[in-house]
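Q: Read left to right, the sequence shown gives residues 1 to 384 (the UniProt record's numbering).
Ideal placement from N, C-alpha and C gives every residue a C-beta, glycine not left out.
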Amino acid sequence: MMRNKTRCMEDRGLLINSGFMAKMNRKDIGTDDKTSMPFVSKDTKEPFDSKDPEELFEKLYQKAVKLGLKGEDFEKLDALQEIINSCHKEEISFIKYFKAVVGTFAVIVVCIIFVYCTEWPVSNERILSLWFDFYDTDIEREPCIINLPETVVDVFRPPVDCSICQGITTVDRVSNITSEEFENKYAYSGHPVIITDGTESWTAPEVFSFEFFKEIYTDDSPVMENTEANCQFFPYKTNFRNLRDVFSMSEERAHMKDGSDPWYIGWSNCDFLAANILREHYKRPYFLPVTSESSRTDWIFMGSPGYGAHMHIDNVGHPSWQAQITGTKQWTLEPPPECYFECTARIQATVYPGEIIVLDTNKWFHATLNVGNDISITIGSEYD
1 MMRNKTRCME
11 DRGLLINSGF
21 MAKMNRKDIG
31 TDDKTSMPFV
41 SKDTKEPFDS
51 KDPEELFEKL
61 YQKAVKLGLK
71 GEDFEKLDAL
81 QEIINSCHKE
91 EISFIKYFKA
101 VVGTFAVIVV
111 CIIFVYCTEW
121 PVSNERILSL
131 WFDFYDTDIE
141 REPCIINLPE
151 TVVDVFRPPV
161 DCSICQGITT
171 VDRVSNITSE
181 EFENKYAYSG
191 HPVIITDGTE
201 SWTAPEVFSF
211 EFFKEIYTDD
221 SPVMENTEAN
231 CQFFPYKTNF
241 RNLRDVFSMS
251 EERAHMKDGS
261 DPWYIGWSNC
271 DFLAANILRE
281 HYKRPYFLPV
291 TSESSRTDWI
301 FMGSPGYGAH
311 MHIDNVGHPS
321 WQAQITGTKQ
331 WTLEPPPECY
341 FECTARIQAT
351 VYPGEIIVLD
361 TNKWFHATLN
371 VGNDISITIG
381 SEYD
């Protein structure tokens with residue numbers, strides 16, 4: 001509609017100019033309506049050569065004022081009336097089109113509500129079955145009918161108490177911290193912290209690798225195809241559909257020896273047989289509060305240098321810890337929008353092998369980037 005209005009204005013200017021030219025040529029140099037002559041200024045004796053309708057109209061308007069034309073003379077121009085009527089018709093057409101679209105949408109919504117409430121002529125179960133069949137997904141393991149974009153979910157996120165970030169300009173780095181100290185200062189305050197000796201007694205740094213994970217997951221593992229409701233796979237911006245695709249990579253690509261693009265993925269370890277093997281090489285972090293419990297499912301993130309997770313916020317319900325097993329990861333933290341004027345806009349911290357970062361990812365927006373030369377492998381969990 002704006003384009004139509006702009007075109008109308010341009011046409012109006014051109015046609016008004018034509019009317020002015022005719023009127024002022026008659027008045028200024030004595031031509032009649034049938035005479036075809038360019039408009040010539042008395043001062044310059046040269047025709048206007050401007051192609052810009054607005055600029056030409058301005059010059060003609062100034063000339064018209066000098067010649068004694070008034071506002072009512074504008075209204076007498078047939079060209080002006082033609083343009084006004086034309087634009088009015090286009091506005092009416094747009095309004096009719098808009099009403100038709102809104103009316104159609106309203107009818108569709110009413111029909112959907114009617115079918116949902118009456119389950120006629122088809123049941124809700126049948127509709128859901130067709131919906132999931134269309135997207136080739138399993139209705140038994142999908143928690144949502146429609147996955148809303150992160151931006152939409154963030155709009156309805158409950159506001160955060162800005163005490164989590166007030167006065168925080170860096171991420172603390174501590175070691176040999178007791179459970180009591182950790183609980184009083186970091187566990188539930190929302191203040192991020194890096195425990196530099198968090199994995200000191202673990203054997204995971206010497207064992208975990210791309211090849212190790214590839215070996216412990218069998219072909220029928222639920223992790224490979226995400227066949228269970230609690231199995232999640234995060235491809236981020238890669239072309240991997242599931243963990244099976246990841247482990248189909250060659251060693252050269254996995255370690256970027258063939259010049260391939262960097263990659264980064266994550267998954268929930270819903271294979272409890274594999275989980276038992278993994279937990280032989282790591283244990284509950286020593287600093288967690290004695291009364292807290294960790295979630296049954298652990299999260300594993302793995303990727304090559306130069307890649308990571310985009311800025312986002314989680315919805316896992318509890319604070320979490322993430323242990324850097326191999327590689328180095330740079331974290332970028334941002335407070336929620338409601339705290340922008342009370343907290344530091346952006347904080348960065350680097351987590352090195354053997355360290356554990358503790359963060360409430362439900363309140364802090366965060367992004368990660370694998371840096372250095374080695375594949376980054378991290379494992380983590382939530383605690384209450």
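Can you tell me where the beta strand (DSSP E) with A323 in it begins and where it stops?
A: From DSSP, the beta strand (DSSP E) with A323 extends over S320 to T326.
Q: Are the stretch 188-200 and the stretch 296-306 touching, with three or more C-beta to C-beta distances below 8 Å?
A: No, the stretch 188-200 is not in contact with the stretch 296-306.
Q: Going by DSSP, name the residue or residues bridged to Y217.
A: In the DSSP output, where bridge partners are listed per residue, Y217 has none listed.
Q: Does DSSP put residue 387 in a helix, in a strand, or in coil?
A: Residue 387 cannot be examined here, being either before or after the span of the chain that is shown, 1 to 384.
Q: When you compare each of D52, P53, H366 and Q62 to H310 by their alpha carbons, which one comes out closest?
A: Closest option to H310, Cα to Cα, is H366.
Q: Assess contact between the stretch 214-222 and the stretch 264-283, defined as three or more Cβ pairs (one per stretch) separated by less than 8 Å. Is contact present?
A: These segments touch.
Q: Could you give the residue range of the beta strand (DSSP E) that holds V358?
A: V358 -> beta strand (DSSP E) spans I356 to L359.
Q: At the level of alpha carbons, what is the spacing between K257 and D374?
A: If I take the Cα positions, the gap works out to 12 Å.
Q: I'd like the span of the alpha helix (DSSP H) that includes Q62, first residue to last.
A: That run of the alpha helix (DSSP H) goes P53 to K66.
Q: Less than 8 Å separating the beta-carbons of T118 and I347?
A: Against a cut-off of 8 Å, the Cβ pair of I347 and T118 comes out as no contact.
Q: Go to L273, then tell me how far its alpha helix (DSSP H) extends in each direction, as first and last residue.
A: F272 to L278 is the extent of the alpha helix (DSSP H) around L273.
Q: Go through its chain and collect everything with a Cβ distance to residue 386's Cβ below 6 Å, but skip five positions before and after it.
A: Limits of the chain in this structure are 1 at one end and 384 at the other, which puts residue 386 out of reach.
Q: What does the alpha-carbon distance come out to for the pair R126 and I108?
A: Rounded to the nearest angstrom, the two C-alpha atoms are 19 Å apart.
Q: Can you give the Cα-Cα distance for R244 and P235, rounded to whole angstroms?
A: R244 and P235: Cα-Cα distance of roughly 12 Å.
Q: Mapping DSSP to helix, strand and coil, what is N370?
A: Reduced to three states, the DSSP call for N370 is strand.
Q: Under a Cβ-count criterion, where at least 16 other Cβ atoms within 10 Å of its own Cβ denotes burial, should C111 be classed as buried or exposed?
A: C111 is exposed by the Cβ-count criterion.
Q: So, under 8 Å CB-CB, D314 and N362 are touching, yes? Tell me the CB distance rounded to an integer number of Å.
A: That belief holds up - the Cβ atoms of D314 and N362 are roughly 5 Å apart, short of 8 Å.
Q: Assuming Q322 and I356 are in contact, meaning their beta carbons sit under 8 Å apart, how far apart are those beta carbons, in whole angstroms?
A: Rounded, the Cβ-Cβ distance is 7 Å, consistent with contact.
Q: What does a CB cutoff of less than 6 Å around D384 pick up in its chain, not counting 5 residues either side in sequence?
A: S292, E293 and H318.
Q: What residues match up with T332 in a beta bridge as DSSP calls it?
A: DSSP lists Q348 and A367 as partners of T332.
Q: Quick check: what's the CA-CA separation for M24 versus G103?
A: Residue placement at M24 is flagged as unreliable, the pLDDT there being 48, under the threshold of 50; the coordinate-derived value follows with that caveat. Going from the Cα of M24 to the Cα of G103 covers about 50 Å.
Q: Do you know how far the Cα of P335 is from the Cα of A345?
A: Looking at the two C-alpha atoms, the distance is approximately 7 Å.
Q: Give the DSSP-derived three-state secondary structure of F134 in the structure shown.
A: Residue state, collapsed to three classes: helix.
Q: Cβ of V160 within 8 Å of Cβ of E338?
A: Taking 8 Å as the Cβ cut-off, V160 and E338 qualify as a contacting pair.
Q: Which value, in whole angstroms, describes the spacing of the CA atoms of P62 and I83?
A: For clarity, residue 62 is Gln in the given sequence; the question names Pro instead. When rounded, the distance between both Cα atoms is 22 Å.
Q: Would L60 be called buried (16 or more neighbouring beta carbons within 10 Å of its own) or exposed?
A: Label assigned to L60: buried.
Q: Alpha carbon to alpha carbon, what distance is there between L130 and F212?
A: Cα to Cα, F212 sits roughly 40 Å from L130.
Q: Tell me whether the beta-carbon of I377 lies closer than 8 Å to the beta-carbon of T332.
A: Contact: no.
Q: Could you work out which residue in F287, F247 and Y264 is closest to S304 when comparing CA atoms only?
A: Cα-wise, what sits closest to S304 is Y264.
Q: Specify, as a first and last residue, the run of the alpha helix (DSSP H) that E180 falls within.
A: Note, E180: alpha helix (DSSP H), S179 to F182.
Q: Between the Cα of Y286 and those of E200, A100 and A64, spot the shortest distance and give me the residue it belongs to.
A: When each option's Cα is compared against that of Y286, the closest is E200.
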